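Residue numbers for the sequence shown follow the UniProt record's numbering, beginning at 1 and rising by one. From the three backbone atoms N, C-alpha and C, an ideal C-beta is built for every residue, glycine too. Remember, predicted model here, so these are calculated numbers, not experimental data. For reference, the structure discussed in these notes is given below.
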Amino acid sequence: SSGLRDAEDETHGEKEPARKGKMSVATKWYVRVTKPNHPRANKRGQVKRSVLVMEQAIGRYLLPDEEVHHLNRVMTDDFIGNLFLTTHSSHRQMEKNIKNRYEIALSKMNAEGGGI
């Protein structure tokens, strides 16, 4: 066994992540679920819902260097189709590339007189 609970225990509705216990939208806009015994639980016993959704999809806990990236950059959108499993270093590089592309596009718009 992977140590993960059956999907039946972890969901409300067919494809939604765990909603048992308290949920809160924390700083950085992540939705957190109270799971005090989870390996990634913070001091308050909360885990990012995106982590729980990804773990349910892959059938195991995330490895220490694995992270979940939100493709649309909306941290509360934890639909599995919006989540991408990556490593810490790859995630940082991905974020840097996104920021660089945004800055290039913004400078082009400003140069063409189409700024915000």
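Cβ-based neighbour list, residue i, same chain, cut-off 7 Å, excluding 5 preceding and 5 following
| i | result |
| --- | --- |
| residue 119 | In the structure as shown, the chain starts at 1 and stops at 116, and residue 119 therefore has no counterpart that could be examined. |
| residue 57 | 80 |
| residue 77 | 70 |
Contact set for residue i: own chain, Cβ-Cβ below 6 Å, skip 5 residues either direction
| i | result |
| --- | --- |
| residue 26 | Summary for residue 26: the model assigns pLDDT 49, below 50, so the residue's position carries little reliability; its value from the coordinates is reported in the next sentence. So the list reads 32, once near-sequence residues are dropped. |
| residue 46 | 32, 34 |
| residue 71 | 82, 84 |
| residue 61 | 39, 55 |
Residues near residue i in its chain [Cβ-Cβ closer than 8 Å; skip 5 each side]
| i | result |
| --- | --- |
| residue 73 | 98 |
Residue i versus the options, residue with shortest Cα-Cα distance
| i | options | result |
| --- | --- | --- |
| residue 51 | 95, 44, 40 | 40 |
| residue 85 | 34, 69, 95 | 69 |
| residue 53 | 82, 96, 112 | 82 |
Exercise for the section: Counting only runs of 4+ residues fully inside the segment 60-96, write out the alpha helix (DSSP H) ranges in chain order. Expected result: None, since the segment 60-96 contains no complete alpha helix (DSSP H) of that length.
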